[in-house]
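Reading through the structure tokens given below for one structure.
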Amino acid sequence: MTDLSPPASELRIAAIDIGSNSVRQIIADVSPAGAIRVVDEMKAMPRLGDGLESSGALSSTAIDSAVAAVQRMVTLAHQLAAARIEIVATSAVRDAANSDEFTERVLASTGQRVRVLSGEEEALLCFRSALAHFELGAGRTVVMDIGGGSLELVLAKDGLIERVASLPFGAVRLTEKFLAQGVRPRRVRALREHVRDGLKKSVPVKDWRGAQVIGSGGTFTNLAGMVLARAHVTVRSLHGTRVTRAELEHVLEWLSRMESVERQQVPGLNPARADIIVAGLAVAAEVLSRFDPRDLLASAYGIREGLLLEAARVTPKVADPGVARERSVREFAERCHYEEPHARQVQALSLQLFDTLAGRLGLSTDDRRLLADAALLHDVGYHINYEKHHKHSFHLISHADLLGMTPAEQIMIAHIARYHRGAPPKIKHAGFGQLDKQTRERIVKLSALLRFADGMDRGHVGAVGSLTVKWGADAVRVVAGEAEGASNVRLECWGASRKRHLLEEVLGRPILVMLPDGTEVSADADGDGE
Numbered sequence: 033m034t035d036l037s038p039p040a041s042e043l044r045i046a047a048i049d050i051g052s053n054s055v056r057q058i059i060a061d062v063s064p065a066g067a068i069r070v071v072d073e074m075k076a077m078p079r080l081g082d083g084l085e086s087s088g089a090l091s092s093t094a095i096d097s098a099v100a101a102v103q104r105m106v107t108l109a110h111q112l113a114a115a116r117i118e119i120v121a122t123s124a125v126r127d128a129a130n131s132d133e134f135t136e137r138v139l140a141s142t143g144q145r146v147r148v149l150s151g152e153e154e155a156l157l158c159f160r161s162a163l164a165h166f167e168l169g170a171g172r173t174v175v176m177d178i179g180g181g182s183l184e185l186v187l188a189k190d191g192l193i194e195r196v197a198s199l200p201f202g203a204v205r206l207t208e209k210f211l212a213q214g215v216r217p218r219r220v221r222a223l224r225e226h227v228r229d230g231l232k233k234s235v236p237v238k239d240w241r242g243a244q245v246i247g248s249g250g251t252f253t254n255l256a257g258m259v260l261a262r263a264h265v266t267v268r269s270l271h272g273t274r275v276t277r278a279e280l281e282h283v284l285e286w287l288s289r290m291e292s293v294e295r296q297q298v299p300g301l302n303p304a305r306a307d308i309i310v311a312g313l314a315v316a317a318e319v320l321s322r323f324d325p326r327d328l329l330a331s332a333y334g335i336r337e338g339l340l341l342e343a344a345r346v347t348p349k350v351a352d353p354g355v356a357r358e359r360s361v362r363e364f365a366e367r368c369h370y371e372e373p374h375a376r377q378v379q380a381l382s383l384q385l386f387d388t389l390a391g392r393l394g395l396s397t398d399d400r401r402l403l404a405d406a407a408l409l410h411d412v413g414y415h416i417n418y419e420k421h422h423k424h425s426f427h428l429i430s431h432a433d434l435l436g437m438t439p440a441e442q443i444m445i446a447h448i449a450r451y452h453r454g455a456p457p458k459i460k461h462a463g464f465g466q467l468d469k470q471t472r473e474r475i476v477k478l479s480a481l482l483r484f485a486d487g488m489d490r491g492h493v494g495a496v497g498s499l500t501v502k503w504g505a506d507a508v509r510v511v512a513g514e515a516e517g518a519s520n521v522r523l524e525c526w527g528a529s530r531k532r533h534l535l536e537e538v539l540g541r542p543i544l545v546m547l548p549d550g551t552e553v554s555a556d557a558d559g560d561g562e
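In my numbering, the protein residues as written are 33 to 562.
Right, here's the structure in full:
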């Protein structure tokens, strides 16, 4: 019989979130440090919030459907040996006159009690999740969650909450109130004016203009999916996607002029959300207008993940900018059993080259972070097999759960690592050719630096302590300095010479690799290419 139990140090928890639009379950093993490893998920869309605005009560049809969904989820949780089952309900159940009837039906059919969250409790769970998945340690942040029945806002400074607000601006509720007769631009304008007035009365703006804004919930993952689909970008996870205000407004206007059946065909949009997405985006647009941020970050995590952390009694640590990303990359490398000394050496040499040549290559500080991460992860493909390990690295990095970076950045890191050896980047390569020209050019330049640095640790012993780059009219001379305790760097210079060709191409001139005494070392005489 298959052992379904979690590792001894982890707690398996099932979190069920009963919302106005959907009922969602996540079953996961949660570590003492707060790492979440998903075991299974289940989703249903009974639309408990339908008709609530006008009737004030949950319909019997929706109750039957929701109770059946929760029953299935509890059965799955038992089958997967969940130690705890946490069930919460949000706006629709909270506001309904017959909420007791619903919660008693769930208790009778599953043996599990439903905790009906207040608006503030709902907001705090979303914030707990954001704290675990974003870097909130510096500056002001607004976390917003748009559910079916309500909008939750948490305003935090340096990771500490200053204000919480729960407003009746959910996607299902506002669709029923303003767009029941169909989506039309004038009706969307009326909806936005209603939200705008409510935000002015409830949410202060002083000191919060320009704050980082994080959006949690299906409205934002679907927005991210549509924006990326329009840009022909394919990613495994939408978490961390940045969407500008202009992009949001453009998508909102575009969808507002479609019929529901047309919206169901839009790439990146879940067809089941086609009838309520306009209301959700209109609320998001008004929140952005209120706080005037540069853009918003889409979160793939929300109430359920916050509930998992709460149930496991894990309080996420406030992370300063860069910390969550660095920790996430390092932990992923460790899970892949990477060769840390070699990875650190290649990273150090890559960054030495970058700092010398970035200006000539037109690269920025953002590119430096990409190179640093790709260098640390370039050999994680060994975890699968040495043969074609660069391609395995690409696959592993592309599908990793890495925090503190956008999906586009993660894909770039995967490509840079993939091209640290083997054939250089080519348009015909799957994935690479689909990227825009500017992104491809950045990948080629950073891959060239990584290749050369990897060659400079050919023996995996950290023999090279420093690199001195001398830019000449006829060639670029790279002198390898010996690390403390090293007596010979000839193998490393040979390795770098062997992997210099892509860097020569992007620099537009030959590269001569030199020993500390000025002797040139070339791999060309061996007839041994990359």
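Quick reminder that beta carbons are idealized off the backbone N, C-alpha and C, glycines included.
Whole-number beta carbon distance between residue j and residue i, since they are thought to touch under 8 Å
i: residue 512; j: residue 521; result: 5 Å
i: residue 101; j: residue 78; result: 6 Å
i: residue 361; j: residue 408; result: 6 Å
i: residue 530; j: residue 555; result: 4 Å
i: residue 449; j: residue 488; result: Not quite, the Cβ-Cβ distance comes to about 17 Å (not below 8 Å), so this is no contact.
i: residue 410; j: residue 482; result: 6 Å
i: residue 121; j: residue 50; result: 4 Å
i: residue 545; j: residue 552; result: 7 Å
i: residue 211; j: residue 219; result: 6 Å
Residue j beta carbon less than 9 Å from that of residue i
i: residue 447; j: residue 463; result: yes
i: residue 56; j: residue 48; result: yes
i: residue 95; j: residue 147; result: no
i: residue 205; j: residue 318; result: no
i: residue 127; j: residue 88; result: yes
i: residue 344; j: residue 81; result: no
i: residue 119; j: residue 106; result: yes
i: residue 257; j: residue 301; result: yes
i: residue 306; j: residue 293; result: yes
i: residue 68; j: residue 341; result: yes
i: residue 322; j: residue 232; result: yes
i: residue 270; j: residue 439; result: yes
i: residue 161; j: residue 52; result: no
i: residue 348; j: residue 164; result: yes
Cβ-based burial, residue i [other Cβ within 10 Å; buried from 16]
i: residue 418; result: exposed
i: residue 129; result: exposed
i: residue 34; result: Note that residue 34 has pLDDT 45, beneath the 50 cutoff, so the model's placement of it is unreliable and no number is given.
i: residue 387; result: exposed
i: residue 297; result: exposed
i: residue 541; result: exposed
i: residue 236; result: exposed
i: residue 117; result: buried
i: residue 338; result: buried
i: residue 478; result: buried
i: residue 574; result: Nothing can be reported for residue 574: it is not among the residues displayed for the chain, which extend from 33 to 562.
i: residue 288; result: buried
i: residue 242; result: exposed
i: residue 135; result: buried
i: residue 278; result: exposed
i: residue 142; result: buried
i: residue 70; result: exposed
Identity of the residue in the options nearest residue i by Cα
i: residue 379; options: 536, 103, 535, 485; result: 485
i: residue 255; options: 342, 240, 312; result: 312
i: residue 476; options: 497, 496, 452; result: 452
i: residue 326; options: 197, 534, 384, 174; result: 174
i: residue 456; options: 534, 154, 365; result: 534
i: residue 367; options: 381, 354, 414; result: 414
i: residue 58; options: 97, 52, 112; result: 112
i: residue 208; options: 322, 223, 195, 125; result: 223
i: residue 91; options: 71, 133, 158, 466; result: 133
i: residue 547; options: 323, 532, 523, 538; result: 523
i: residue 250; options: 465, 439, 54; result: 54
i: residue 274; options: 365, 381, 252; result: 252
i: residue 515; options: 525, 323, 526, 498; result: 498
i: residue 354; options: 228, 397, 227; result: 397
i: residue 280; options: 299, 259, 393; result: 259
i: residue 42; options: 346, 93, 471; result: 346
i: residue 433; options: 365, 473, 421, 392; result: 365
i: residue 502; options: 75, 550, 139, 490; result: 550
Short CB-CB distance (under 9 Å) between residue i and chain D
i: residue 426; result: Note that chain D does not occur in the displayed structure, where there is just one protein chain.
- prompt: Does the pairing of the segment 171-184 with the segment 199-218 give three or more beta-carbon distances under 8 Å?
  reply: yes
field: Validate contact between the segment 244-251 and the segment 328-337 using beta carbons, cut 8 Å, 3 pairs
entry: yes
contact_flag[the segment 184-194, the segment 259-274] where n(CB pairs < 8 Å) is 3 or more: no
task: Take every Cβ of the segment 484-499, pair it with every Cβ of the segment 366-376, and state whether three or more of those distances are shorter than 8 Å.
output: yes
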